[in-house]
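Before any comments, here is the structure.
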């Protein structure tokens, strides 16, 4: 049975962070996001540290290697898989060290772990013939099940090291493209048809049920499939508020009605041309609730605050400033949402 957890009123990051220093990054995240920190991802380290490479260190009984174009499923564990596992272990060691230094061991804490979701992995990984996993339904189901089992093991290791409860975030940047059938073929003869929503939902839920942990589905893209996410086993949905328009309101309202919790990307992940204040960042959340006709109390108990997307491409200076802005926004929304 999935444990109960709420992210309402909390502040967290999406996952990725600039630089290559695992220890400094872990200490920064715990310092800025002590209430709901996440395991830092450092894709600037290169092959094996990016989103798909990290997943290769989590999957169970499925090995990934690098082809000339992408990651590919291979029969045996190779150097790329070893590299990805080394990076993951470095990040876990850094988290454990920072956790102990912050004297968080023994308390009732929650930490977020991120992984590429099964649909995005299906879009990004190749099978042996060079086609996307997505076109091989059996391989796609295997990826989803392997990922769920791997996340359960990954979370158990984090809990063993820190004592914290774990929330999973499945990153699905390719979700809209998978459903729309807009992905190009990897070979001249390959076509990548749209994955029907019922099949996509079954794949996503297979991973969520397999890990057995509270799960948020995140995408920084537009054209979010709100109804699919509402019907999924995910308890929360994370998205970039700057991409939300009138066409999205009904779907978001139905998420709230269904009791889903929302992590709103309110602070720019790249430095804006003009400085922004916490109040400017917070207003889209307040406006959203008002337009939907809900009580602003939802901002206290059903909404979390994040940057708009990952921060790997930002400067360290802006990344830290973005987290501080998120904290200020979150505090204001919790303390007195009626004051806006």
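Residue numbers (this note's numbering): 80 to 419.
Just so you know, even glycine gets a beta-carbon here, dropped at the ideal spot from N, CA and C.
All values reported here derive from a predicted model rather than from experimental measurement.
- Ranked by Cα distance from residue 265, the options 146, 345, 85 and 362 are led by 146.
- For residue 386, the uninterrupted beta strand (DSSP E) segment begins and ends at 382-386.
- Taking each of 306, 244, 262 and 352 in turn and checking the Cα distance to residue 292, the smallest one comes out for 244.
- By the criterion of at least three beta-carbon pairs nearer than 8 Å, the region 125-133 is in contact with the region 157-170.
- Going by C-alpha positions, residue 220 is about 42 Å away from residue 407.
- Sequence-distant partners of residue 270 (beyond 5 residues in either direction) whose C-beta falls short of 7 Å from its own C-beta, in its chain, are 264.
- Residue 358 counts as exposed, since fewer than 16 other C-beta atoms from the protein chains shown sit within 10 angstroms of its C-beta.
- With contacts defined by Cβ atoms closer than 8 Å, residue 317 and residue 347 do not form a contacting pair.
- Within 10 angstroms of the beta-carbon of residue 184 lie fewer than 16 other beta-carbons, which makes it exposed.
- One Cα belongs to residue 189, the other to residue 116, and the distance between them is close to 7 Å.
- Between the alpha carbons of residue 299 and residue 250 lies a gap of roughly 9 Å.
- Residue 85 and residue 150 have their alpha carbons spaced roughly 35 Å apart.
- Residue burial is scored here from C-beta neighbours: residue 353 has fewer than 16 other C-beta atoms within 10 angstroms and is therefore classed as exposed.
- Residue environment for residue 285: buried (at least 16 other C-beta atoms within 10 angstroms of its C-beta).
- Within a 10 Å sphere around the beta-carbon of residue 311 sit 16 or more other beta-carbons, which makes this residue buried.
- Residue range 294-298 is occupied by the beta strand (DSSP E) that includes residue 294.
- Residue environment analysis places residue 157 among the exposed positions, since fewer than 16 neighbouring C-beta atoms fall within 10 angstroms of its C-beta.
- The DSSP assignment places 189-195 as complete runs of the beta strand (DSSP E) inside the region 162-208, in order along the chain (cut-off: 3 residues).
- Around residue 234, the same chain offers 192, 245, 247, 290 and 292 as residues with beta carbons nearer than 8 Å, after the five sequence neighbours per side are excluded.
- Runs of the alpha helix (DSSP H) lying entirely within the region 109-171 and spanning at least 4 residues, in chain order: 130-137.
- Residue 253 counts as buried, since at least 16 other C-beta atoms from the protein chains shown sit within 10 angstroms of its C-beta.
- For residue 318, the enclosing beta strand (DSSP E) covers residues 315-319.
- At a Cβ-Cβ threshold of 8 Å, residue 87 and residue 340 count as neighbours.
- Annotation: the continuous beta strand (DSSP E) that includes residue 346 extends over 340-346.
- In terms of CA proximity to residue 199, 131 leads the group 131, 227, 241 and 259.
- By the Cβ test, the region 320-328 is not in contact with the region 95-105, since fewer than three Cβ pairs between them sit closer than 8 Å.
- When the five nearest sequence neighbours on each side are left out, the beta carbons in the same chain lying within less than 8 Å of the beta carbon of residue 259 are those of 273 and 302, in order along the chain.
- Secondary structure note for residue 221: its alpha helix (DSSP H) is the uninterrupted segment 216-241.
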